[in-house]
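Residue numbers (the UniProt record's numbering): 1 to 126.
The C-beta atom is built at its ideal place from N, Cα and C for all residues, glycine as well.
Quantities reported herein were computed from a predicted structural model and do not represent experimental measurements.
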């Protein structure tokens, strides 16, 4: 599920984050990494029951750990993948994906993004 965390709309990594309906994201840390021109962004994400992130990509890798609840990761060209609390997903840079909460409770997760500085954290896919 970006999984749901994933859609931090097309804003530079240093900008405030837009909050689509049904998704609450809070950046809890950000900082430089050892790779030149990259930064890590760590966010706590809550996805309401039935909410979706929307198809999007990231200018870097996404690593997401599910704290509770469940999600469905939808990667273009791949079958849907169900993810639940205690599991993690890794989405390579540039991969078109979406995520949704098919459950009846709020899904909570931690998303870590290692992205290019100055680029949008996520960009809606066509």
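Beta-bridge partners of residue 59, as assigned by DSSP: For residue 59, which the question treats as bridged, DSSP gives no partner whatsoever.
Sub-8 Å separation of residue 92 and residue 61 beta-carbons: Yes, Cβ-Cβ distance for residue 92 and residue 61 is below 8 Å.
6 Å CB neighbourhood of residue 82 in its chain, flanking five on each side removed: Within the same chain, residue 82 has close Cβ partners 72.
Residues that residue 99 bridges to, as DSSP identifies them: The beta-bridge partner set that DSSP reports for residue 99 consists of 73.
Strand pairing of residue 79, partner residues [DSSP]: The partner list for residue 79 (beta bridge, DSSP) is empty, contrary to what the question assumes.
Alpha-carbon to alpha-carbon, residue 22 and residue 108: When rounded, the distance between both Cα atoms is 12 Å.
When 41, 97, 67, 126 are compared against residue 53, the one with the closest alpha-carbon: Just measuring C-alpha positions, the residue of 41, 97, 67, 126 sitting nearest residue 53 is 97.
Residue 67 and residue 106 closer than 8 Å at C-beta: It is not a contact, given that the beta carbons lie outside the stated cut-off.
With 16 other Cβ atoms within 10 Å as the buried cut-off, status of residue 29: Exposed is the label assigned to residue 29, since fewer than 16 other Cβ atoms lie within 10 Å of its Cβ.
Under the three-state DSSP convention, the category residue 37 falls into: Correct three-state label for residue 37: coil.
Inter-residue CB distance, residue 56 and residue 110 (contact presumed, cutoff 8 Å): Contact between residue 56 and residue 110 does not hold, since their C-beta atoms are separated by about 18 Å, which reaches or exceeds 8 Å.
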